[in-house]
Amino acid sequence: MLLAIDTSAGTSVAVVDRDAGVLAEINEADTRRHAEVIGTMISTALREAGVAVADLSGVAVGMGPGPFTGLRVGIAAARAFAWGAGKPVVPVVSHDAVAFGATEPLLVVTDARRREVYWSAYSGTDEQGLPVRVSGPGLAPPDALGEVVPGYDGYRRFDAAEVSAASLGLVAELLYLHRRPFAGSEALYLRSPDVTLSSGPKRVS
Amino acid sequence: MAFELRNATPADVDAIMQLESSTFGTDAWSPAVMAADVASTNTYYLVAADSADPGRVVGYAGLLAPRGGMDADIQTIAVAPVTRRRGLGRMLMVALIAEARSRGARSVFLEVRADNPGARELYDSLGFEQIAVRPKYYQPDGVDAHIMKLAVARGQTHGASATQEPLVLGIETSCDETGIGIVRGTTLLANVISSSMEEHARYGGVVPEVAARAHLEALTPALSAALAEAGITLDELDAIAVTSGPGLSGALMVGVAAAKALSISIDKPLYAVNHLVGHVGADVLRDDGTEIELPTIALLVSGGHTSLLLVRDLVSDVELLGETIDDAAGEAFDKVARLLGLPYPGGPHIDRVAIGGDPASIRFPRGLTHPKDAEKHRYDFSFSGLKTAVARWVEQHRDAGEEIPIADVAASFREAVADVLLTKAIAACRDLEVPRLLLGGGVVANARIRELAAERTSAAGIELRVPPLALCTDNGAMIAALGAQLVRAGNAPSGLDFGADSTLPVTTIQA
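Just so you know, the protein sequences line up as chains H and X, in that order. Numbering of the first sequence is given in the numbering used here, commencing with residue 1 and proceeding in unit increments. Numbering of the second sequence is given in the numbering used here, commencing with residue 1001 and proceeding in unit increments.
1. Can you tell which of H:A20, H:S192, H:D19, H:G58 has its C-alpha closest to the C-alpha of H:A4?
2. Compute the Euclidean distance between the alpha carbons of H:G66 and H:S12, then round it to the nearest angstrom.
3. Please go through the same chain and pick out, in chain order, the residues whose beta-carbon is closer than 7 Å to the beta-carbon of H:Q128, but skip the five residues on each side of it.
4. Could you tell me how far apart the beta carbons of H:V89 and H:V53 are, in whole angstroms, since I believe they sit closer than 8 Å?
5. To the nearest angstrom, how far is it from the Cα of X:Y1044 to the Cα of X:E1165?
6. Does X:G1159 get closer than 8 Å to chain H when you measure Cβ to Cβ?
7. Determine whether the beta carbon atoms of H:P193 and X:E1209 lie at a separation below 8 Å.
8. For H:P137, would you say it is in contact with chain X, using Cβ-to-Cβ distances shorter than 8 Å as the test?
9. Tell me which residues share the same chain as H:P150 and place their Cβ nearer than 7 Å to its Cβ, disregarding the 5 neighbours each side in the sequence.
10. In the region 155-186 of chain H, which residues sit with their C-beta less than 8 Å from some C-beta in chain X, listed in chain order?
11. Report the residue from X:M1093, X:G1204, X:M1070 whose alpha carbon sits nearest the alpha carbon of X:L1339.
12. For X:Q1396, name the three-state secondary structure that DSSP assigns.
13. When burial is assigned at 16 or more other CB atoms within 10 Å of the CB, is X:V1133 buried or exposed?
14. Can you find a C-beta in chain H that's less than 8 Å from the C-beta of X:G1155?
15. So which of X:A1251, X:I1297, X:I1240 has the shortest CA-CA distance to X:P1269?
16. Which residue marks the beginning of the alpha helix (DSSP H) containing H:G39, and which one marks its end?
17. In the region 1200-1227 of chain X, which residues sit with their C-beta less than 8 Å from some C-beta in chain H, listed in chain order?
18. What are the boundary residues of the beta strand (DSSP E) that X:F1003 is part of?
19. With a threshold of 6 Å on Cβ separation, who are the neighbours of X:A1028 within its own chain once the five nearest residues in sequence on each side are excluded?
20. Which residues, in chain order, does the region 85-103 of chain H contribute to contact with chain X at a C-beta distance below 7 Å?
21. List the whole-angstrom C-beta distance separating X:A1425 from X:L1299, where the pair is believed to meet the contact cut-off of C-beta under 8 Å.
22. Is any beta-carbon of chain X found at less than 8 Å from that of H:E36?
23. So, at 6 Å on beta carbons, what are the nonlocal neighbours of H:S205 in its own chain, with the 5 sequence-adjacent residues on each side left out?
24. Determine which residues share a DSSP beta bridge with X:N1274 and list them.
25. Is it right to say X:E1415 is buried, meaning 16 or more other beta carbons lie within 10 angstroms of its own, or is it exposed?
26. Helix, strand or coil for X:V1038, going by three-state DSSP, please let me know.
27. Whose C-beta lies closer than 6 Å to the C-beta of X:H1158 among residues of the same chain, with five residues either side of it excluded?
28. Using Cβ-Cβ distances below 8 Å, what residues of the region 1395-1412 of chain X are close to chain H?
29. Which value, in whole angstroms, describes the spacing of the CA atoms of X:N1475 and X:V1183?
30. For X:V1013 and X:V1038, which I take to be in contact (beta-carbon distance under 8 Å), what is that distance rounded to the nearest angstrom?
31. Compare the C-alpha of X:D1238 against each of X:P1221, X:L1248, X:H1215, X:Y1271 and name the closest.
32. For a contact defined as C-beta to C-beta under 8 Å, what are the partners of H:G62 on chain X?
33. Can you tell me whether X:D1326 is helix, strand or coil according to DSSP?
34. Alpha carbon to alpha carbon, what distance is there between X:G1304 and X:D1529?
35. Kindly indicate if chain X contains any beta-carbon less than 8 Å away from that of H:P193.
36. Report the option in X:D1176, X:E1319, X:H1215 whose CA atom is closest to the CA atom of X:M1197.
Rendered as structure tokens:
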């Protein structure tokens, strides 16, 4: 049984079980309130699922890609929750949750702000039920996707405004079950911090 | 007047009835009802006596809380008129709430007369919320009763008892230090700081996104290190405290999100606290046995803040007298260091090169000290003009082909900052007749500022307090210390709905 958290788009929190499926899921689409809502959403999801912290086997978290500030809220919450509970963190690429269950080639596209999008390309679902990511995640201007995504024309494009923590949790359960590698532990910002080195002090006179 | 609380016995009923009749008049209970209630095992009655005259009962309070029940009721509370406004009512309420908690209650209820604003204020401040009105409940006066309820935090059946100081973990991520501290009351147990300062050095100042990324990576390692340093386990904690502002939004959110999630996973109450008041709170952790005397003026100077506060009470009464209207003092140090070709952070490097310099050689401007500013900006600061003045001075001398006397420029600049900080702080002490000054914030590490503070306060007959330097820079221990003060004062936890507030006003001590 996993607590699952994703804040790569809005805020989504779920409790899932490999056998029983989705026990609870709560979504908040607002992309500017992650830090405000995360606590109450975790607490409500656990209560609705009727699950105690001790019953969880880990915390699944969406590592992005996603805009920095919001993305970090989910990862910080997942890490701190897992640390307190003495359970492992299961990192998952957020786009994998969107592609979960897709049967045809799919290009997942999410908003990266500043007139860019995040993308990942999937060929379909493998025999274990996991989405097969063949390229990405990447970052591109929307009108450049055709150039940067290999075999762009072969995919159905899906622009996702939300990422479901329930789907993310189910992906994590399958990774767990089939001993498949999790995502890396680094947040997928895909952008450097917005800063430029100064060329030296400016004159004032 | 000091008070002592003890359990009420049947022998106290007469004294209780005297207070009961004089306080409640037509609403007073009969002596028989009172005697039965005091004797019941389902209740908990306390009487308060004057420490100087232990036979004299000056207040009492009763709780109905059957063991194993989910609900508890405040039955009655009264204090003698001579003791009012001295916190006795709060002391009694806090003791009853603690007892309700230890008996396993999850909610405490009470009724208060609609025409008793004093009592209402106390209950509000303890976290009670009005849930219903009973019209014309108090007869014959026909006054409404307001029903109020307090949700009691779980997990405090041990630890936060009256005899044991609260054990609190503090999380601070408002700028570039990831700070985790653990305190028991006013005793420091752990202070782990992971700084991203080196990553900012090449940019000449804190880059918010770089700081926030560093917090995310440093957080759980710092938590583990703090727990090991304090030699405690998570179950022993009584509460978690976190900085919810002011500071850099993206950085604050890492700490806020982590603190909320941790509070749920280990089932401990969470207190969202003010970073600036935390700097003042650091002083309670000094280990020289002296206690902070209030009220005090506090001067907080860091890379992000330059504020002058009047602190009357650490948990309930802090007033902002003034603050910088442009750059913080620490920022001015960084900027002047850069134009002198010195590395970041500027403070220590300016200090280093100022040795041997003449602080009186160049008269740099003192912002907002002109008589015309005395009215509107008496306690405000401005360092932007000073920075520009230094830049202009350096440019003029460079343009003239002269060698820049770095030691003199650094010493004169530093003197201007120290002078304006202390001039305004001492003016506040004098104007408000508060002969105490507390320093806090990372810039206090600057030797000349501490030196000038010592000189000026001593000349003015003002007591100077500087918390240990390790606790002056941003840290989690000060946040834990303020959290422990809030727990001890009986404040209700902050819940889970607060956000990161980059401009949290200093008057909001707990969010």
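Just so it is clear, CB atoms sit at the ideal spot from N, CA and C, and this is done for glycine as well.
In terms of the structure at hand:
1. H:G58
2. 13 Å
3. L174, H178
4. That belief does not hold up - the Cβ atoms of H:V89 and H:V53 are roughly 14 Å apart, past 8 Å.
5. 22 Å
6. Low confidence applies here, because X:G1159 scores a pLDDT of 38, under 50, leaving its location unreliable; read the following figure in that light. Judged by the 8 Å Cβ criterion, X:G1159 is not in contact with chain H.
7. yes
8. no
9. S135
10. none
11. X:G1204
12. helix
13. exposed
14. At X:G1155, the pLDDT of 45 sits below 50, so the modelled position is not reliable; the number obtained from the coordinates is stated separately. No, its Cβ sits nowhere closer than 8 Å to a Cβ of chain H.
15. X:I1240
16. 34-49
17. R1202, Y1203, G1204, V1207, E1209, V1210, A1212, R1213, H1215, L1216, L1219, T1220, L1223, S1224
18. 1003-1007
19. E1020, S1021
20. A85
21. 4 Å
22. yes
23. none
24. X:G1245
25. buried
26. helix
27. Confidence at X:H1158 is low in this model, with a pLDDT of 38, below 50, so its placement is unreliable and the value that follows should be read with caution. Closer than 6 Å at the Cβ level, and outside the excluded window around X:H1158, lies no residue.
28. E1395, Q1396
29. 12 Å
30. 6 Å
31. X:Y1271
32. Under the 8 Å cutoff, chain X gives no residues; its nearest Cβ is about 14 Å from H:G62.
33. coil
34. Not covered by the structure: residue 1529 of chain X. The range shown for chain X is 1001 to 1511.
35. yes
36. X:D1176
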